[in-house]
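Comments concern the structure below.
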């Protein structure tokens, strides 16, 4: 109906007249009767968290996005029903990311977006879970270096040169990519939507500093905080975490005012051993990241402490936090559980991976962790394992899939 | 552009349509209060309910024409205390532009949220908006709505409104009596609601129940659960001696089955209506039917073999 504005004025008048007639008829017929006014249905303003055709569910509707970069084959595994859906082929995927609902298949030239049809809306004292059909959204420009971070309103894409675009989340929810807004300036790190603002870094006189922008891209008052060589970002319940060479910046917000606090490693950490690829159970305040090839960093954001756990050669890491073990997939193909406090190994699975995997390989198996279960992809075995991380790493379910799932990301949160 | 057009022509439509122009308007946010308001108002005014059946009061939003309608109302009846999160700013805007509003939950002596060890703590101590699970408070709400209609909605027959309210008040009094009688069949030590619902605090307070907040194992967990997944819930069931879980689950049968393996004996999973009326004919299409359905489900769930009647 927006076509109305594009038509000639005579045509527009005709269309309007039709609407008036309809309204006259319906509003007289409706008077004194039950139900909302028929005009309500003419609106394009969708209620918050609502998508036509979406169904509210009593529990989280977890799904796994799977991709084989060589064949391009992509699947969505529904963890509630156990069914597998095929989605558009994406070849040459270097990373597969998600904001909990939308899947981001990054390739050297562009990023393919899909709506996984599973998500959560947090209302503070309670949450709502939704399931809907899986939808292809199409491609957005961006190279292999592109980083995407989104919240309930915007999705920010920062490319390798530090240029950033903002996509409207409402459009994505309606199944369209929409036209992005360009965020002015060059950004020295990935732009992170947080607390109705945008966190970014600007470089001046050789120093990289935190900058807080409003959603229009205009700077607002920002705490003075330097961050050398920013890389990696995550949002926790205690604030946004931005990786720096000497630790992380923890950025918080209260009543529109931002604070920044450095959580330093407390020791010199070689560049190859700093935490970059933060892994997190959605919503958790415990972050993990490989510390080089034979150890893992655990950042407790609540306690503001770093713990370095010595492990075997690391392929992938994760933890549910809150007393759950640190999960480390090692080159022996087995999942190992470590007590975060003592650093002791407390559990270990049989080798789960097919074939050999080298330490620190990017784009290999990952551990996706939610509150109840963890998931591990075995690409060459064409399988996904469901692990009960609180029950001695018991393999709860094994899903066979018809592709080599080299890349995996969990949605529904 | 389009919504502006519609609003413009809608206004035109209203004035050119005689029946519509003469009819005073009352806008109600939630469908539960919508039903009660209609009982009170009868044919005296047009009542528009913004929240659809089977919707969620926390997350439903308004279209631009609905928001405009709110601002033209003679009276806005809303639940309040933060319940209709996405509508409250529209209600505030209407009040600021001179529309009479009544925040029902705030006026019926709200309780504060209390949570056990297993429940969320973020709202502890905050006023609880879910007052409708106590039918006595709904009686006070009925009186309150009637007073506001008489005072603020021009052209209504005050005597008719008061008579409607009185008649409905009697139905609510009957409801309370019937609920008391039904619940009396549940031995005191079994009056415990093991539940993931967060709305039954008022009912519990009024009829002497304990609410034992529980985390219900989810769909992925239920596929292959371990004892630790069920521990919190099974412990609650063991300490309370209650074998019925009042919960929304996508797999209630599977949940009952795994709990039966864990705690032994007979286990039931029973769903309740909580924050919304259903569509007509679906079991809870009026406030009275919703309360009776829940009372019956609770009584039968906690005392096997009894019926609510």
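Protein chains in written order, with my numbering: chain A, 1 to 413; chain B, 1001 to 1309. Note that the Cβ used here is the ideal one computed from N, Cα and C, for glycine as well. Note that this is a predicted model, so its numbers are computed, not measured.
Where do the ends of the beta strand (DSSP E) carrying residue i lie?
i	result
residue 1145 of chain B	Unbroken run through residue 1145 of chain B is the alpha helix (DSSP H), 1135–1152; no beta strand (DSSP E).
residue 209 of chain A	207–213
residue 147 of chain A	147–150
residue 377 of chain A	374–378
residue 192 of chain A	192–194
residue 121 of chain A	118–122
Thinking residue i and residue j are a contact (beta carbons under 8 Å), I'd like their distance in whole angstroms, please.
i	j	result
residue 1267 of chain B	residue 1256 of chain B	5 Å
residue 1194 of chain B	residue 1234 of chain B	So it is not a contact: roughly 10 Å between Cβ atoms.
residue 327 of chain A	residue 335 of chain A	6 Å
residue 112 of chain A	residue 105 of chain A	4 Å
residue 338 of chain A	residue 309 of chain A	5 Å
residue 160 of chain A	residue 143 of chain A	6 Å
residue 1087 of chain B	residue 1148 of chain B	Wrong, their Cβ atoms sit about 18 Å apart, outside the cutoff.
residue 293 of chain A	residue 359 of chain A	4 Å
residue 78 of chain A	residue 404 of chain A	Not a contact, Cβ separation roughly 19 Å.
Comparing the C-beta of residue i with each C-beta of chain B, is any distance below 8 Å?
i	result
residue 60 of chain A	yes
residue 253 of chain A	no
residue 390 of chain A	yes
residue 192 of chain A	no
residue 32 of chain A	For residue 32 of chain A, the predicted structure reports a pLDDT of 33, less than 50, and the residue's modelled location is therefore unreliable. A value from the coordinates is still provided. Chain B, which has a Cβ nearer than 8 Å to the Cβ of residue 32 of chain A, makes this yes.
residue 406 of chain A	no
residue 104 of chain A	no
residue 403 of chain A	no
residue 57 of chain A	yes
residue 411 of chain A	no
Looking at chain A, is there any beta carbon in it that lies within less than 8 Å of the beta carbon of residue i?
i	result
residue 1248 of chain B	yes
residue 1133 of chain B	no
residue 1058 of chain B	yes
residue 1220 of chain B	yes
residue 1090 of chain B	no
residue 1117 of chain B	Note that residue 1117 of chain B has pLDDT 37, beneath the 50 cutoff, so the model's placement of it is unreliable and the number below is only indicative. No, no contact with chain A.
residue 1285 of chain B	no
residue 1309 of chain B	Low confidence applies to residue 1309 of chain B: its pLDDT is 46, below 50, so where it sits in the model is not reliable enough to give any reading.
residue 1304 of chain B	no
residue 1296 of chain B	no
residue 1097 of chain B	no
residue 1157 of chain B	no
residue 1275 of chain B	no
residue 1257 of chain B	no
residue 1223 of chain B	yes
residue 1085 of chain B	yes
residue 1171 of chain B	no
residue 1109 of chain B	no
Would you give the residue range spanned by the alpha helix (DSSP H) that residue i belongs to?
i	result
residue 1205 of chain B	1201–1207
residue 1091 of chain B	1088–1096
residue 1168 of chain B	1158–1183
residue 1268 of chain B	Careful: residue 1268 of chain B lies outside any alpha helix (DSSP H), inside the beta strand (DSSP E) at 1268–1270.
residue 417 of chain A	With chain A represented from 1 up to 413, any question about residue 417 of chain A goes unanswered, as that position is not in the structure.
residue 1232 of chain B	1227–1240
residue 1035 of chain B	1031–1041
residue 1294 of chain B	1287–1302
(message) Between the segment 1132–1142 of chain B and the segment 1089–1097 of chain B, can you find at least three pairs of beta-carbon atoms closer than 8 Å?
(response) Because the criterion of three Cβ pairs below 8 Å is not met, the segment 1089–1097 of chain B and the segment 1132–1142 of chain B do not touch.
(message) Along the segment 297–329 of chain A, where does the CB come closer than 8 Å to a CB of chain B? Name the residues.
(response) Answer in chain order: no residues at all.
(message) For the segment 67–81 of chain A, list every residue whose C-beta sits within 8 Å of some C-beta in chain B, in sequence order.
(response) The segment 67–81 of chain A vs chain B, Cβ under 8 Å: 79 and 80.
(request) Please determine if the segment 1035–1044 of chain B and the segment 1272–1287 of chain B are in contact, where contact requires at least 3 C-beta pairs separated by less than 8 Å. (result) In this structure the segment 1035–1044 of chain B touches the segment 1272–1287 of chain B; the number of beta carbon pairs closer than 8 Å is three or more.
(request) Take every Cβ of the segment 377–393 of chain A, pair it with every Cβ of the segment 84–92 of chain A, and state whether three or more of those distances are shorter than 8 Å. (result) Taking one beta carbon from each stretch, the segment 377–393 of chain A and the segment 84–92 of chain A have fewer than 3 pairs nearer than 8 Å; the two do not touch.
(request) Check whether the segment 1068–1085 of chain B touches the segment 1293–1307 of chain B, taking contact to mean three or more Cβ pairs, one atom from each stretch, closer than 8 Å. (result) The segment 1068–1085 of chain B, when compared against the segment 1293–1307 of chain B, does not touch it at the 8 Å Cβ threshold.
(request) Assess, as a yes-or-no matter, whether the segment 1052–1068 of chain B is touched by the segment 1163–1182 of chain B under the definition of 3 or more beta carbon pairs within less than 8 Å. (result) Contact between the segment 1163–1182 of chain B and the segment 1052–1068 of chain B is absent, because fewer than three Cβ pairs lie under 8 Å.
(request) Could you name the residues of the segment 1180–1212 of chain B whose beta carbon sits closer than 7 Å to any beta carbon of chain A, in the order they occur along the chain? (result) Residues of the segment 1180–1212 of chain B with a C-beta atom less than 7 Å from some C-beta of chain A are 1198, listed in chain order.
(request) Mind checking the segment 1059–1074 of chain B against chain A and listing, in chain order, the residues whose C-beta falls within less than 9 Å of any C-beta there? (result) Those residues of the segment 1059–1074 of chain B that come within reach of chain A (Cβ to Cβ, closer than 9 Å) are 1059, 1060, 1061, 1062, 1063, 1064, 1065, 1066, 1067, 1068 and 1069.
(request) Please list the residues of the segment 140–167 of chain A that have a C-beta atom closer than 7 Å to any C-beta atom in chain B, keeping them in chain order. (result) From the segment 140–167 of chain A, no residue has a Cβ closer than 7 Å to chain B.
(request) Below 9 Å between beta carbons is the criterion; list the residues of the segment 339–350 of chain A that meet it against any residue of chain B, in chain order. (result) Listed in sequence order: no entries.
(request) Please determine if the segment 1145–1157 of chain B and the segment 1257–1266 of chain B are in contact, where contact requires at least 3 C-beta pairs separated by less than 8 Å. (result) Between the segment 1145–1157 of chain B and the segment 1257–1266 of chain B there are fewer than three inter-stretch CB-CB distances shorter than 8 Å, so the stretches are not counted as touching.
(request) Would you check if there are 3 or more beta carbon pairs closer than 8 Å linking the segment 145–161 of chain A to the segment 126–137 of chain A? (result) Proximity of the segment 145–161 of chain A to the segment 126–137 of chain A falls short of the contact definition, fewer than three beta-carbon pairs being nearer than 8 Å.
(message) I'd like to know if the segment 337–355 of chain A and the segment 273–282 of chain A are in contact, where contact means that at least 3 CB-CB pairs between them fall below 8 Å.
(response) At 8 Å Cβ cutoff, the stretches do not touch.
(message) Closer than 8 Å is the cut-off here; do at least three beta carbon pairs connect the segment 242–260 of chain A with the segment 223–233 of chain A?
(response) Yes: at least three Cβ pairs fall under 8 Å.
(message) Residues of the segment 1229–1245 of chain B in Cβ contact with chain D at a cutoff of 9 Å, in chain order, please.
(response) The structure shown contains no chain D; its protein chains are A and B.
(message) I'd like to know if the segment 366–377 of chain A and the segment 1217–1224 of chain B are in contact, where contact means that at least 3 CB-CB pairs between them fall below 8 Å.
(response) Taking one beta carbon from each stretch, the segment 366–377 of chain A and the segment 1217–1224 of chain B have 3 or more pairs nearer than 8 Å; the two touch.
(message) Give me the subset of the segment 372–396 of chain A whose CB atoms are less than 8 Å from a CB atom of chain B, sorted by chain position.
(response) The segment 372–396 of chain A vs chain B, Cβ under 8 Å: 372, 373, 386, 388, 390, 391, 394 and 396.
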